[in-house]
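S.K.: For the sequence shown, the residue numbers in the numbering used here are 67 to 350.
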Amino acid sequence: MKISLFNGGRLGVVLGDEVADVSHVLDRLPGYRYPLPRYDLLIAALPALRPHIENEVAHAARYALAEVALESPVANPAKLVAAPVNYQAHLDEAIADEATFSRAHVRRIQETGLFLKATSSLVGASANIVIGLPDRRTDHEIELAAIIGKSAKNVSAAEALDYVAGYCIGLDITIRGPEERSLRKSLDSYSVLGPWLVTADEIDDPARLDLALDVNDEPRQRANTRDLIMNVGELIEFASKFYTLEPGDVVFTGTPEGVGPIQPGDTVRASIDKIGTIRMAVTE
Ligand code: MN
């Protein structure tokens, strides 16, 4: 099932080139009062809500996908966890780029570990990528993003995929330079999730997905998740040794080779097998 949020927090199921509005199902979420739990309420409830979503689809109003505004399919993630260089070919290109190479930052993922991106940087596929610091080089990074479905602590790689609610295309937009990753990758709109969440039952092997990113129809990144140094399960094992992962937490799995600069006026198109395609404008 392809779950979307659109037009100001409406809940949708994507069917071909349409989205069915199943927002009534949101009324079934438990009522909360302050303080709210620190996880995404919809993602946490998704297994229980799924039969109701399926019932609702049959008589739901439908809209053309081209005419709705797609938001991040996870509205309130508590954490955006991200893997640094996690493809060998991207590690090689990062070391070779003398303009931006930083010995402190470019190491094997097993040594570097993971980092967090600010949740305030998160947008959906209908947003623009807004270049925040125009005098700095800003690069595109396409990544498979795994969305955690239930609380995970000290989970083994072998069982980790049982904790995944679904997958999205992730963009980890990045200013190059010497500062901490969490700073350079956390400007508003520099984390993109979309175009929707594909539930994990539709992706039997997340380590066999083609990724492609073009800028202005020029091919930039072409890869397959089979070349991840640490795969989705291993990343969740690693992350859950440090963090308690909660429903709605996002794991950006790292970008392959072919990263390059973007600037206002560009159009970025990103696709991942079995998920979909997003097209975004880059603006000032
Ligand atoms: Mn990245």
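Using N, Cα and C, we set each Cβ at its ideal position, and we do this for glycine too.
In this text the structure is predicted, and so the values were computed from the model without any measurement.
Could you pull out every unbroken alpha helix (DSSP H) segment of at least 4 residues lying fully inside the region 108-186, listed in chain order?
M.R.: 154-162 and 175-178
S.K.: Say yes only if the C-beta of Ala357 is nearer than 7 Å to one or more non-hydrogen atoms of the ligand MN, and no if none qualify.
M.R.: Only positions 67 to 350 of the chain appear in the structure, and residue 357 is not among them; the question remains open.
S.K.: Please report the residue range of the alpha helix (DSSP H) in which Ala224 lies.
M.R.: Ala223 to Ala226
S.K.: Say the cut is 7 Å; is the CB of Phe72 nearer than that to a heavy atom of the ligand MN?
M.R.: no
S.K.: Go to Ile302, then tell me how far its alpha helix (DSSP H) extends in each direction, as first and last residue.
M.R.: For Ile302, the uninterrupted alpha helix (DSSP H) segment begins and ends at Val298 to Phe308.
S.K.: Around the C-beta of Ser252, are 16 or more other C-beta atoms found within 10 angstroms, so that it is buried, or is it exposed?
M.R.: Ser252 is buried by the Cβ-count criterion.
S.K.: Quick check: is any heavy atom of the ligand MN less than 7 Å from the C-beta of Asp238?
M.R.: yes
S.K.: Could you check which residue in Gly299, Ser187 and Val264 has the C-alpha nearest to that of Ile109?
M.R.: Val264
S.K.: Which whole-angstrom value describes the C-beta separation of Gly236 and Phe318, a residue pair presumed to lie in contact below a C-beta threshold of 8 Å?
M.R.: 5 Å
S.K.: Taking Cβ positions, are Tyr153 and Ile295 nearer each other than 8 Å?
M.R.: yes
S.K.: Given Leu77, which residues of its chain have a CB within under 7 Å of its CB, disregarding the five upstream and five downstream residues?
M.R.: Listed in chain order, the non-local C-beta contacts of Leu77 below 7 Å within the same chain comprise Leu71, Val88, Ser89, Val91 and Leu92, local neighbours out to five positions each way being set aside.
S.K.: Please tell me whether Val196 and Val316 are closer than 8 Å, where the distance is taken between their beta carbons.
M.R.: no
S.K.: Could you check if Gly97 belongs to the surroundings of the ligand MN, using beta carbon to heavy atom distance under 7 Å?
M.R.: No, the Cβ of Gly97 stays beyond 7 Å of every heavy atom of the ligand MN.
S.K.: Go ahead and pull the three-state DSSP assignment for Leu95.
M.R.: coil
S.K.: Would you say Gly198 touches the ligand MN, meaning its beta carbon is less than 7 Å from a heavy atom?
M.R.: no
S.K.: Relative to the ligand MN, is the shortest distance from any of its heavy atoms to the C-beta of Glu209 smaller than 7 Å?
M.R.: yes
S.K.: The beta strand (DSSP E) spanning Leu249 covers which residue range?
M.R.: Unbroken run through Leu249 is the alpha helix (DSSP H), Arg247 to Arg250; no beta strand (DSSP E).
S.K.: Leaving out the 5 sequence neighbours to the left and right, which residues in its chain are closer than 6 Å to Tyr256 when beta-carbon positions are compared?
M.R.: Ser187 and Ile239
S.K.: Between the region 121-135 and the region 320-338, are three or more C-beta pairs nearer than 8 Å?
M.R.: no
S.K.: Which residue or residues does DSSP assign as beta-bridge partners of Thr349?
M.R.: Val196
S.K.: Determine the direct distance from the alpha carbon of Lys68 to that of Ala212, and round the result to whole angstroms.
M.R.: 14 Å
S.K.: Check whether the Cβ of Thr321 sits closer than 7 Å to any heavy atom of the ligand MN, and report yes or no.
M.R.: Answer for Thr321: yes, Cβ within range of the ligand MN.
S.K.: When you measure from the CB of Phe304 to every non-hydrogen atom of the ligand MN, does any distance come out below 7 Å?
M.R.: no
S.K.: In whole angstroms, what separates the C-alpha of Thr343 from that of Arg94?
M.R.: 30 Å
S.K.: Could you tell me whether the region 301-314 touches the region 211-231, where touching means 3 or more Cβ pairs closer than 8 Å?
M.R.: yes
S.K.: Grouping DSSP H, G and I as helix and E and B as strand, with all else coil, what is Arg292?
M.R.: If DSSP states are grouped into helix, strand and coil, Arg292 belongs with the helices.
S.K.: Should Phe318 be counted as a contact of the ligand HEM given a C-beta to heavy atom distance under 7 Å?
M.R.: No copy of the ligand HEM appears in this structure; the ligands present are the ligand MN.
S.K.: Rounded to the nearest angstrom, what separates Arg288 and Glu207 at their Cα positions?
M.R.: Approximately 11 Å, taken between the alpha carbons.
S.K.: Taking Cβ positions, are Ala135 and Asn73 nearer each other than 8 Å?
M.R.: yes
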